[in-house]
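Q: Quick one: the structure is below, and I'll ask about it shortly.
Residue numbers (full-length UniProt numbering), protein chains in the order written: chain B, 1 to 245; chain F, 1 to 233; chain E, 1 to 245; chain G, 1 to 395; chain C, 1 to 277.
What follows is the structure, encoded as structure tokens:
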């Protein structure tokens, strides 16, 4: 952290953004034909692909199925070429297992699972290129894929990271900002109700600053939700134009 | 730390060794039923060596391990650092076969008895401490047994002196190390596990001493069970 | 000529350990002067040729005229025919319920083994419900079987119960003390305030008092009376009675 | 093995009790269970009891080459094991969700928060650094493993001492504790996890849930903090909906709990230090609760060895002495010989032949029979084979 | 009929023989199966041997490699024994990582090497903290019919006696090790440990050299390892029913006789290979 100045005196960040400015988000839904729902999302240089299958019958052991709601099965993986050093294990290590678990928990909170008892929804997410905010890119991509699959949800789930430098909260961290070892907070939000589906924070932060940091992340999430909403609407318009003909 | 306790033990022992016919079991103790989850549990402490044992059973058994006419016994020894290796496997085999000989397994066919032993501290005589902890835990679990067993370790020093219940330091310096498990019914040898070389005479002496020591340990078992039931009339 | 009884009698109330032996000579056959004696070996005692061996640690107990057994503080239950237990329904499969009774195997309970149940009129039992039932089959080689009716087809206190109240576990030794006729613990406890109590031989106890608070008090008192002399218990109960009233 | 299932009755009662602000063991909403920290005779070893939950932690160290990306930093390695002793539901060697969650949270709480000065663990830059290994074993599971594990890990790290080293050129000498006093780790701060369980869609929360409470919870929020009120990690899990205010409220509660627990750890550490200094008895053996009726201790006990030698002699003498006569081996071919008589192994023999009694006298011409079955295995030059037969006859 | 009896009631079948003080394969209770030893079986190994005890067949190959001595014992080389029980030797072994029996056997062999002072490890060291020999002793069972441990000890002893190591010197200028393939010399074997295994039947009858079937039906197993001075290197009884001191003494006496027998066997084979040269 010592060498790099994350926030210049003029209030600009490494990549020239302002403190609360998000990276550019581009997304497309229905990128694959064979899946029930799919989405591709770029958040700055972080690129994520999400595919959803289901709801379908539970596969594998019967004992896993729940009699009152659907099971959500998530698998997170990182492409071997996604990071600077080649990744030897694309999935299955502690960090990836934890990420899969977090995604699962996030969407268990957001999807109306009680509508599909004894069934299963599969969400597969792959990071193609990693540049910070992997979790949030995955959540945002998976949300779009779920919408694309037509699975009912309480609300969009939007996720964003936030950091804290020199008493200023920074929204949507890139890899350089994350790897410095400074505070980093990942938050998944259901924007309409202001409910937090998942909250994760690393490295030290004084308790008094927590409020500001969460607030910054929530604002960023709300900003993201507009982008996602636009993507969905645009896609629907395109489809409806096509079907009208 | 260990150095201090070792020297303390050593002082004690040299005093005793003047007599040349005497050897001491270190201070020992046990607590039963200290864990809430297992069906039976105990710690056994010999000097600084300490083992925690937990027993589950007779419980559900995996189909692949099911035996149609008796219970399946599994013993796991968890080292304090790192993962269990070949040495732990060899110890597990010893403890498992001793438990199998003591338990009346045919009374609970198609079930499992799992004994988990956690090394809390190793200051010599580890295998005998494992055996003692396992026996107390099996008793605590109320599993039917035909007899009890206990473990005694003897070290033979370079001068040929037999040291009973040695510390880690004494184990390191000794010429041979012998661990026996003794049963309570006939005071015979259930397990013998040795390292180093020794004469036939020395072996028989060590067995005789272990049998003597086992009497004390069995009396200890009896006293602790008595104490435990002291409030129930 | 009381050879067998004599060696047992002097040990009644004593703590015995596995491996302890009562040896006796079998009365010689054909000798008319010695009447063959009978003793019944209960749990913890096993006959082995001309001796009886103790196989569990505990106190030797005696019941007139000739029953002996070892009273131990075991925690794991082993089903025995005729014993009444509290089970938790885990699955419904075909025309039986699988019931967890705390043994090494789940017990089966037929749909028809409830009062008034017929093929048409099935009992209303859900997964997770508590049942109080009696073993009709329980031996080491067969799957144990429970029923919730007596030989006349009456419920007789058995069946599904526990809409509210609390279930907890105690040692099998304590359960036996609770179930003994004229149990002192229960007598003492009843003086504090009224409550409902179901005790299963498998170490499960269900309690329901007027309020949540009172239920919790009863639960905690029962759990602590495990390792107390009757005097200690009475003083404790007295203190609770004074404090809560 | 399966764990006992949770009955509907327990679930309903627990939730009702939580609504009425009552807990099974009579605690208040924000109360911790009793915490007991005991240290072993080894440095860096402790057992933490949190109510009936019990964990063991041992810190150890090893000299290893550093990671390429961080040549001047020591390595911290955390491993938490769910021993099958702790619960029948824990299987050995299985990566369960709980295990992943606990291990990652422990790493985040203690490694990412940079509570230990890893640069002081460097011995030779780019070549040798200390790897500090933290093994946590769960011994009994009665809920809130995370908090117990984090308390155990930071206590053990604070208690740990690594051996002193000296560098001369390229040689590294590691001193034993007798030669030079071992060195404690430099710890910047002590992060401690505080777990909050949420019930009924997040409308109720409890600190330090026991196992039964954990089984009916909707979700969990773990906040790791140090006594300077710095948050070291936050993790929500279990698919609950949180509100920002709830998080802030939890962080306030956590700061209070953390300062209490830190004080407790420091007290335990000081106590241990004092006893060691004074040369008193320490370690787990000393912390056994002697007043319990389930506990019994014995002082050092001499074992009578007076007649041991006689007994041993008697046994040795009573049994017959080993015979001096030993059957001689028979050389079958160069480099191959056999000892023992009677049956021959069944290789190369038909079933029928096996039943026939073997009556040959081995000492003389057993060779023929053997070489019959052996010749395929051992390549023998004829000449030599004959020589060997002669040899054996001479014997 | 007999075959049917044997399959249906194996224990009773054996008992009926033991009553007559003999065993189903015709041996007496205290009798070993014929033991065959062959050395230099594998030319690619630095030392090798093959041992058959009845049907039980084990082969041992020794590979010597140069390495840096362990930091805690800079003046010693070391031996790494490994016992492999592949599925081909018996239907009771499965492919995959070594099972409990193989691991226990490896540990036992390692203990025997350590306890018996078979080889002075310091002689394996070439230069302190720089270079030493490590001997990989891979013992593989080819046919499993009981009494694995005895066979393993004999095969290890014979293979070590058979092993020839090239002379190695460290070139002072280049600081590199130079091996002289032409000059090979045998290892110095200090002790000759030999094991004898026993099986306990019905808690009372003791059999020597049990077959696989006898092992599986017995209630306890015992292995006694002695050296040429009649000292004990291991008395290994991993559980099972108990034995009194007297019974143990009987077994030890039998083991001492066995040691002489096997020592003669090993000597004879070694001698024969020497004379051949």
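Glycine included, C-beta positions come from ideal geometry on N, C-alpha and C.
Using a Cβ-Cβ distance cut-off of 8 Å, determine whether residue 20(C) contacts chain G.
A: Translated into the one-based positions of the fifth chain, residue 20(C) becomes position 20. No - not a single Cβ of chain G is within 8 Å of the one on residue 20(C).
Q: With a threshold of 6 Å on Cβ separation, who are the neighbours of residue 156(B) within its own chain once the five nearest residues in sequence on each side are excluded?
A: As a position in the first chain, residue 156(B) is number 156, starting the count at 1. Only 143, 225, 228 meet the Cβ criterion.
Q: Ends of the alpha helix (DSSP H) at residue 175(E)?
A: Sequence index remark: in the third chain, residue 175(E) carries index 175 (1-based). 172-179 is the span of the alpha helix (DSSP H), which, as asked, contains residue 175(E).
Q: Does DSSP put residue 95(G) in a helix, in a strand, or in coil?
A: The residue you call residue 95(G) lines up with position 95 of the fourth chain. Of the three classes helix, strand and coil, the one that applies to residue 95(G) here is coil, per DSSP.
Q: Ordered along the chain, which non-local residues of its own chain (more than five positions away) have a Cβ less than 7 Å from that of residue 109(G)?
A: Position 109 of the fourth chain holds residue 109(G). Excluding sequence neighbours, residue 109(G) sits near 150, 191, 193, 224, 232, 233.
Q: Please check if any C-beta of chain E sits within less than 8 Å of the C-beta of residue 191(G).
A: Against the fourth chain, residue 191(G) aligns to sequence position 191. So, not an interface residue.
Q: Can you tell me where the alpha helix (DSSP H) with residue 61(E) in it begins and where it stops?
A: Within the third chain, residue 61(E) is the residue found at index 61, counting from 1. Taken as a continuous stretch (DSSP letters only), residue 61(E) belongs to no alpha helix (DSSP H), being part of the beta strand (DSSP E) at 58-63.
Q: Does the Cβ of residue 6(E) have 16 or more other Cβ atoms within 10 Å, making it buried, or fewer, making it exposed?
A: To locate residue 6(E), count along the third chain from 1; it is residue 6. Exposed: under 16 other Cβ atoms inside 10 Å.
Q: Among 173(F), 60(F), 164(F), which one has its Cα closest to the Cα of residue 107(E)?
A: What you label residue 107(E) is simply residue 107 of the third chain in a count that begins at 1. Measuring from the Cα of residue 107(E), the nearest candidate turns out to be 60(F).
Q: Do residue 23(B) and residue 170(B) have their CB atoms nearer than 8 Å?
A: Here residue 23(B) refers to the residue found at position 23 of the first chain. Here residue 170(B) refers to the residue found at position 170 of the first chain. The answer is no: Cβ separation not under 8 Å.
Q: Going by DSSP in three states, residue 134(E) sits in which element: helix, strand or coil?
A: Locating residue 134(E) in the third chain gives position 134, counting from the first residue. Residue state, collapsed to three classes: strand.
Q: Mark residue 201(G) as exposed unless 16 or more other C-beta atoms lie within 10 angstroms of its C-beta, in which case mark it buried.
A: Indexing the fourth chain from 1 puts residue 201(G) at position 201. Residue 201(G) should be labelled exposed.
Q: With distances taken between CB atoms, is the gap from residue 144(C) to residue 85(C) smaller than 8 Å?
A: The count along the fifth chain starts at 1 and reaches residue 144(C) at position 144. The count along the fifth chain starts at 1 and reaches residue 85(C) at position 85. In this structure, residue 85(C) lies closer than 8 Å to residue 144(C) by Cβ.
Q: Would you say residue 224(B) lies against chain G (beta-carbon separation less than 8 Å)?
A: Locating residue 224(B) in the first chain gives position 224, counting from the first residue. No - not a single Cβ of chain G is within 8 Å of the one on residue 224(B).
Q: If we count Cβ pairs, one from each stretch, closer than 8 Å, do we get three or more for the stretch 120-132 of chain C versus the stretch 90-106 of chain C?
A: Short answer: they don't touch.
Q: If you draw a straight line from the alpha carbon of residue 277(G) to that of residue 177(G), how long is it in whole angstroms?
A: Locating residue 277(G) in the fourth chain gives position 277, where the first residue counts as 1. Locating residue 177(G) in the fourth chain gives position 177, where the first residue counts as 1. Approximately 15 Å between the Cα atoms of the pair.
Q: Taking C-beta pairs closer than 8 Å, name the residues in chain C that residue 319(G) reaches, listed in chain order.
A: Numbered from 1 along the fourth chain, position 319 holds the residue referred to as residue 319(G). Ordered by position in chain C, the residues that pass the 8 Å Cβ test against residue 319(G) are 246, 249, 250, 253.
Q: At 9 Å on the CB atoms, spell out the chain G contacts of residue 182(E), in chain order.
A: Your numbering for residue 182(E) matches position 182 in the third chain. None at all; the shortest Cβ gap to chain G is about 26 Å.
Q: Rounded to whole angstroms, what's the CA-CA distance from residue 218(B) to residue 166(G)? Just pull it up for me.
A: Position 218 of the first chain, counting from 1, holds the residue named residue 218(B). Position 166 of the fourth chain, counting from 1, holds the residue named residue 166(G). Cα to Cα, the separation comes out at about 52 Å.
Q: With a floor of 3 residues, list each beta strand (DSSP E) that falls wholly inside the UniProt domain "Exoribonuclease phosphorolytic" (32-163) of chain G, ordered by position along the chain.
A: Correct list: 35-39, 45-50, 53-64, 75-82, 122-124, 128-140.
Q: In the DSSP output, what is residue 158(E) paired with across the bridge?
A: Here residue 158(E) corresponds to residue number 158 of the third chain, with the count starting at 1. Beta-bridge pairing links residue 158(E) to no other residue.
Q: By DSSP's criteria, residue 175(G) is part of a beta bridge. Which residues make up the other side?
A: Translated into the one-based positions of the fourth chain, residue 175(G) becomes position 175. Bridge partners of residue 175(G): none, in fact.
Q: Output the distance between the C-alpha atoms of residue 62(F) and residue 165(E), rounded to the nearest integer angstrom.
A: For this step, residue 62(F) is matched to residue 62 along the second chain. For this step, residue 165(E) is matched to residue 165 along the third chain. Each residue's alpha carbon lies about 34 Å from the other.
Q: Does any C-beta atom of chain E lie closer than 8 Å to the C-beta of residue 232(F)?
A: Counting from one through the second chain, the residue named residue 232(F) turns up at place 232. So, interface residue.
Q: Of all Cβ atoms in chain F, is any one closer than 8 Å to the Cβ of residue 37(E)?
A: Taking the third chain and counting its residues from 1, the one referred to as residue 37(E) is at position 37. By this cut-off, residue 37(E) is not an interface position.
Q: Expressed to the nearest angstrom, what Euclidean distance is found between the alpha-carbon atoms of residue 224(C) and residue 56(C)?
A: The residue given as residue 224(C) occupies position 224 in the fifth chain. The residue given as residue 56(C) occupies position 56 in the fifth chain. Roughly 18 Å between the two C-alpha positions.
Q: If you draw a straight line from the alpha carbon of residue 185(G) to that of residue 122(G), how long is it in whole angstroms?
A: Residue numbering aside, residue 185(G) sits at position 185 when the fourth chain is read from its first letter. Residue numbering aside, residue 122(G) sits at position 122 when the fourth chain is read from its first letter. Rounded to whole angstroms, residue 185(G) to residue 122(G) spans 12 Å at the Cα level.
Q: On the three-state DSSP scale, how would you describe residue 67(B)?
A: As a first step, residue 67(B) is located in the first chain; it is residue number 67 there, counting from the start. In this structure, residue 67(B) counts as coil in the three-state DSSP scheme.
Q: Could you list which residues in chain C have their beta carbon closer than 9 Å to that of residue 329(G), in chain order?
A: As a first step, residue 329(G) is located in the fourth chain; it is residue number 329 there, counting from the start. Result: 35, 37, 261, 262, 264, 265, 266, 267, 268, 269.
Q: Could I get the ranges of all uninterrupted alpha helix (DSSP H) runs contained in the UniProt domain "Exoribonuclease phosphorolytic" (147-212) of chain F, with 4 residues as the minimum, in chain order?
A: You should have 168-173.
Q: With a threshold of 8 Å between beta-carbons, can residue 76(G) be considered close to chain B, or not?
A: Reading the fourth chain from its first residue, position 76 is the one you call residue 76(G). Cβ-Cβ to chain B under 8 Å: no for residue 76(G).
Q: With distances taken from CA atoms, which of 171(F), 154(F), 183(F) is nearest residue 135(F)?
A: Within the second chain, numbered from 1, the residue matching residue 135(F) stands at position 135. If we check each option's Cα against that of residue 135(F), 183(F) comes out closest.
Q: Take residue 195(G) as the anchor and find which of 91(G), 14(G), 32(G), 2(G) has the nearest alpha-carbon.
A: Counting from one through the fourth chain, the residue named residue 195(G) turns up at place 195. Residue 32(G) is the option with its Cα nearest to residue 195(G).
Q: If you run the structure through DSSP and keep just helix, strand and coil, what is residue 220(F)?
A: Locating residue 220(F) in the second chain gives position 220, where the first residue counts as 1. It is helical.
Q: Any idea if residue 251(B) is buried or exposed, counting beta-carbon neighbours within 10 angstroms, 16 or more meaning buried?
A: Given a span of 1 to 245 for chain B in the structure shown, any question on residue 251(B) remains unanswerable.
Q: Quick one: which unbroken alpha helix (DSSP H) runs of 4-plus residues sit fully inside the stretch 212-252 of chain C? Chain order, please.
A: Counting whole runs of 4 or more residues, the stretch 212-252 of chain C contains the alpha helix (DSSP H) stretches 212-217.
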